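Contents: one structure, followed by commentary.
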Amino acid sequence: MGHAGLSGFMNVSIAMLVIGFTVLLLMVQFELGPMGKLSGGRKWLLTLILGSGMVAFSIKLIVIATLLNFPKQTIGAHLRAQQARPPHATVAPQYAVYDRSVGGSKPYVWQVLPEVAPAPAWNPTTPEKVALGERLFHDTALSADRTVSCSSCHEVRQGAGMDGRRTSLGIGGQSGARNAPTVWNAAFQSVLFWDGRAASLEEQAKGPPLNPKEMGMPSLEALVQRVREEVSYREPFDRAFGVGRPITITQIVAAIAAYERTLITPDAPYDRFVRGDASALNAAQLRGMELFQSVGCVQCHSGPNFSGASVFDKAPNTQRLFPVFASQRYVERYRLTGDAGGNAAGSKQGIWRIPSLRNVALTAPYFHNGSVDSLAEVVRIMATVQRGKRIGGDERTIVWSRQDRTLTRADAEPLSERDVQDIVAFLKSLSSDTLLARSREP
Ligand code: HEC
Ligand code: HEC
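Position one of the sequence shown corresponds to residue 0 (numbering that gives the first Met the number 0), numbered consecutively onward.
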């Protein structure tokens, strides 16, 4: 039973209480009262005494129900089930039964990333396209002054698929307005870019070449011309798309997208844990996993790719307000509202695509503006501005949630610094073994 189940229970309890009271009142007024020849005042006194017993009993029931049904329960049962399994037993990825409604009555289901990224029917992933796409991705000829390739900002061979800068550097040393997200696992996202404005990898790949601050090509025709000029491209295009067909922009972006669909990391400790290796996560990470669920991070960062904007969502709710709860301190310090993303310019709350948290420990700095360096600080900010949590000694606030249309006191139970560190530990379990090993190489 989740929060909604619990509040349903409370509603029923309150209704029962009201009915009980009414019956009691009628009983005392018309049965017990006349029987015991009680006066008006005494009748009321008797109602009150009998009623208070009823209230105490109801409170007891509510407390028991709360203790039994708190959301922690769902992961506890899951952990026990995991531990009961022999290590390394393979569990099929569960995205078919995926249910993101943690507020609903179903428990949250933790899922692993599939070994293959889905591709659109018109652009199946073939080894020939992947090889061609890899070359294009690393080719500086795709930029106006031949100095910048996709990999300049998305370092995939040595790095974690980004550039480590707050905001990216394009041609002529120009810096853009946004941080470069990693391309690892972008193949599992249903919409791309921080604000979710591209609907596919193919569509996305047409963006950077034309962006004057990134690759600065005058037109897609000019880009196609660049590739046609390079005779050594003829053969790989023939192999990928059929002999002798003229090179087109559709082929170029199809090959790049096919390559990006191989940039996936289903090899994190988290995946090993969910597949049945109970030793893959340590105690702090398990505690962090539980908190990630109970604090409500899973309301947005859900499913195998830790994003509600992924291909696993049947009815994706891809973009969210950020910040949901105003915290002047964080908003000012990190300029969180300078760019409103998908919202109207100047809005106090931006609208942003929910990012994946896979490999997040390897992709600092964070947020659309790259303003935060430490993952622990990001967790504090997220808990505060997205969940209305207090951290340690923060002041208590009354908050209005436009999404839930409720006025609530910011959480009574603050998140401790240890809680924050444990959530960070859990987030580290989302780092790919391969990428992590590579990042540790000298
Ligand atoms: C100058 C740096 C730069 C170059 C060059 C560049 N990108 Fe990016 N890339 C970015 C930035 C910055 C963003 C985020 C922009 C935004 O959201 O508005 C981004 C976003 C993306 C995303 C979306 C990831 C996600 O999680 O939504 C993909 C995929 C991507 N780039 C692939 C490419 C490809 C393919 C190329 C080459 C054709 C390329 N990029 C060239 C900086 C760069
Ligand atoms: C209401 C939806 C929502 C909730 C709840 C939420 N997040 Fe986020 N999260 C987002 C959005 C949207 C962003 C992108 C913010 C931006 O524009 O930079 C984000 C960004 C992040 C990032 C930075 C990713 C990056 O690559 O820069 C981390 C880490 C993160 N969230 C962790 C958490 C944790 C931990 C929790 C629980 C305490 C949480 N989030 C709760 C929506 C949410």
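Where is the CB? At the ideal position from N, CA and C, for every residue including glycine. Note that the structure is a prediction, hence the values are computed from the model and not measured.
A contact between stretches requires three or more CB pairs, one per stretch, nearer than 8 Å, and the region 351-361 meets this requirement with the region 298-306. The nearest non-hydrogen atom of ligand 2 is 7 Å or more from the C-beta of L47.
By the criterion of a C-beta distance shorter than 7 Å, A375 is surrounded in its chain by V419, Q420 and V423, once the five residues flanking it on both sides are discounted. Your pair N368 and T166 checks out as a contact, with CB atoms roughly 7 Å apart and the cut at 8 Å. Excluding the 5 residues flanking it on each side, V11 has no same chain C-beta neighbour closer than 6 Å.
The beta-bridge partner set that DSSP reports for G275 is empty.
Assignment of beta-bridge partners to R319 by DSSP yields W351. H153 has its CB nearer than 7 Å to a heavy atom of ligand 1.
Three or more beta-carbon pairs drawn from the region 177-186 and the region 138-154 are found closer than 8 Å, and the two stretches are therefore classed as touching. Ligand 1 has no heavy atom closer than 7 Å to the beta-carbon of V115. Take the alpha-carbon of G39 and the one of M26: they are about 14 Å apart. Separation of the CB atoms of P413 and G391 is rounded to 6 Å, and the pair is thereby assigned contact status at 8 Å. The DSSP-derived three-state label of I246 is coil. Taken atom to atom, the span from the alpha-carbon of A314 to that of E228 is near 44 Å. Restricted to the region 135-197, the alpha helix (DSSP H) segments that are unbroken, complete and at least 4 residues in length are 149-152, listed in chain order. In the pairwise beta carbon analysis, the region 192-199 is classified as not touching the region 229-242: fewer than three pairs are separated by under 8 Å. If you look at Q420, you'll find it in the alpha helix (DSSP H) that goes E416 to K427.
R177 has its CB nearer than 7 Å to a heavy atom of ligand 1. Around the beta carbon of S142, 16 or more other beta carbons sit within 10 angstroms, so the residue counts as buried. In this structure, Y107 sits near Q292, with a CB-CB distance shorter than 8 Å.
In the structure shown, G340 adopts extended strand secondary structure according to DSSP, grouped into three states. DSSP, read as helix, strand or coil, puts V371 in strand.
For S400, the three-state secondary structure derived from DSSP is strand. Shortest Cα-Cα distance from I251 to any of P322, A282 and Q224 involves Q224. For M381, the CB falls within less than 7 Å of some heavy atom of ligand 2.
Around the beta carbon of K427, 16 or more other beta carbons lie within 10 angstroms, which makes this residue buried. Assignment of L406 by DSSP, reduced to helix, strand and coil, places it in the strand class. Residue side-chain check: M214 places its Cβ nearer than 7 Å to a non-hydrogen atom of ligand 1. Taken from the Cβ of G169, at least one heavy atom of ligand 1 lies inside 7 Å.
Residue nearest to R319 within the set F311, L434 and S306 is S306 (criterion: CA-CA distance). Residue pairing of I390 in beta bridges, as defined by DSSP: L414.
CA-CA distance, V226 to A140, rounds to 8 Å.
Around the C-beta of M161, 16 or more other C-beta atoms lie within 10 Å, and the residue is accordingly described as buried. R401 has its Cβ no nearer than 7 Å to any heavy atom of ligand 2. Under the DSSP assignment, D237 falls in the alpha helix (DSSP H) whose first and last residues are R233 to F240. Rounded to the nearest angstrom, the gap between the Cα atoms of T362 and V294 is 23 Å.
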